[in-house]
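Take a look at the structure set out below.
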Amino acid sequence: MVKVANKYAKALFDVSLDTNNLETINEELTVINEAVKDKIEQLRMVDSNPTQTAEQRRELINGVFTDINPYIKNMMYVLADNRHISLIADVFKAFQSLYNGHYNQDFATIESTYELSQEELDKIVKLVTQQTKLSKVIVDTKIN
Numbered sequence: 047m048v049k050v051a052n053k054y055a056k057a058l059f060d061v062s063l064d065t066n067n068l069e070t071i072n073e074e075l076t077v078i079n080e081a082v083k084d085k086i087e088q089l090r091m092v093d094s095n096p097t098q099t100a101e102q103r104r105e106l107i108n109g110v111f112t113d114i115n116p117y118i119k120n121m122m123y124v125l126a127d128n129r130h131i132s133l134i135a136d137v138f139k140a141f142q143s144l145y146n147g148h149y150n151q152d153f154a155t156i157e158s159t160y161e162l163s164q165e166e167l168d169k170i171v172k173l174v175t176q177q178t179k180l181s182k183v184i185v186d187t188k189i190n
């Protein structure tokens, strides 16, 4: 199913670039992903329910996602029509990968046994940026 999600993400990414909506769509997808990340199992049940019509699944999209970008809404309709609503988290991950590649950036998680100072974090980010040749490294920290 990852290949399927990649295709949806690529189509959305391409239309985002073509229409100069990349930032808006990325921001909205991030919000949507946060909203549904704990609901994937329920979305799978919606996808697999043989009694639910495509129109009912579209109505679900309209009810939950009222004010979203029309390109995202259209993609959500296609997901609903093809019983792939539960792939939204995978679509987000694939879109995020394309977005990061476009801007030559990526995420990094820094785990340490104590809270790192800003100076220590800056040094690590600088080192990672130099070694990976990324323009930007977005850091998440964890204390272990």
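The opening position of the sequence shown corresponds to residue 47 in our numbering, with each subsequent residue numbered one higher.
Note that beta-carbon positions come from the ideal geometry of N, C-alpha and C, so glycine has one too.
Bear in mind the structure is a predicted one, so any value in this text is a computation, not a measurement.
Cut-off 6 angstroms between Cβ atoms - residues of its own chain near residue i, not counting five sequence neighbours on either side
| i | result |
| --- | --- |
| Val174 | Ala154, Val183 |
| Asp186 | Thr155 |
Collapsed DSSP secondary structure at residue i in the structure displayed
| i | result |
| --- | --- |
| Ile114 | coil |
| Glu161 | coil |
| Gln142 | helix |
| Asn52 | helix |
| Arg104 | helix |
| Thr65 | coil |
| Thr97 | coil |
| Arg129 | coil |
Close Cβ partners of residue i (< 8 angstroms) along its chain, the five nearest in sequence each way excluded
| i | result |
| --- | --- |
| Val61 | Asn67, Tyr117 |
For residue j and residue i, believed in contact at Cβ under 8 angstroms, the rounded distance
| i | j | result |
| --- | --- | --- |
| Ile71 | Leu58 | 7 angstroms |
CB of residue i within 8 angstroms of CB of residue j, strictly
| i | j | result |
| --- | --- | --- |
| Ile134 | Leu125 | yes |
| Arg103 | Val92 | yes |
Same chain, Cβ closer than 7 angstroms to residue i, neighbours up to 5 away in sequence not counted
| i | result |
| --- | --- |
| Glu74 | Ile114, Asn115, Ile118 |
Beta-bridge partners of residue i, as assigned by DSSP
| i | result |
| --- | --- |
| Gln151 | Lys182 |
| Ile189 | Ser158 |
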